[in-house]
Amino acid sequence: MSRFERFTSRLVPLLVDNIDTDQIIPARFLKTITKEGLDQQLFYDWRYDAEGNPRPDFILNQPRAQGAQILLAGDNF
82 MSRFERFTSR
92 LVPLLVDNID
102 TDQIIPARFL
112 KTITKEGLDQ
122 QLFYDWRYDA
132 EGNPRPDFIL
142 NQPRAQGAQI
152 LLAGDNF
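What follows is the structure, encoded as structure tokens:
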């Protein structure tokens with residue numbers, strides 16, 4: 082990995098403290114040996130309803146989050 086001094090990107094605020102790791106990526110999606118596709122499972126139970134439809138009120142589903150590479154999280158993330 083090469084060193085960098087500056088990283089510029091859009092920021093997404095997810096100011097929730099003490100997020101359970103099973104909310105970050107639910108365990109049911111961790112039965113893979115590669116990391117491919119895990120980005121689609123990130124906060125899955127918060128991002129999608131029971132039918133798999135995106136919840137428009139969740140920050141990562143909103144247009145302002147598209148292309149963001151920095152997640153500003155709460156305490157104990």
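When we follow the working numbering, the leftmost residue of the sequence shown carries the number 82, and every step to the right adds one. Virtual Cβ for every residue (Gly too), placed ideally from N, Cα, C.
- When DSSP states are grouped into helix, strand and coil, Ile-151 belongs to the strand group.
- Per DSSP, Arg-128 is one residue of the alpha helix (DSSP H) stretching across 125-128.
- Leu-92 is bridged by DSSP to Ile-151.
- Taking a cut-off of 8 Å for Cβ pairs, the segment 89-99 and the segment 111-120 do not touch, as fewer than three such pairs fall below it.
- Around Trp-127, the same chain offers Phe-139 as residues with beta carbons nearer than 6 Å, after the five sequence neighbours per side are excluded.
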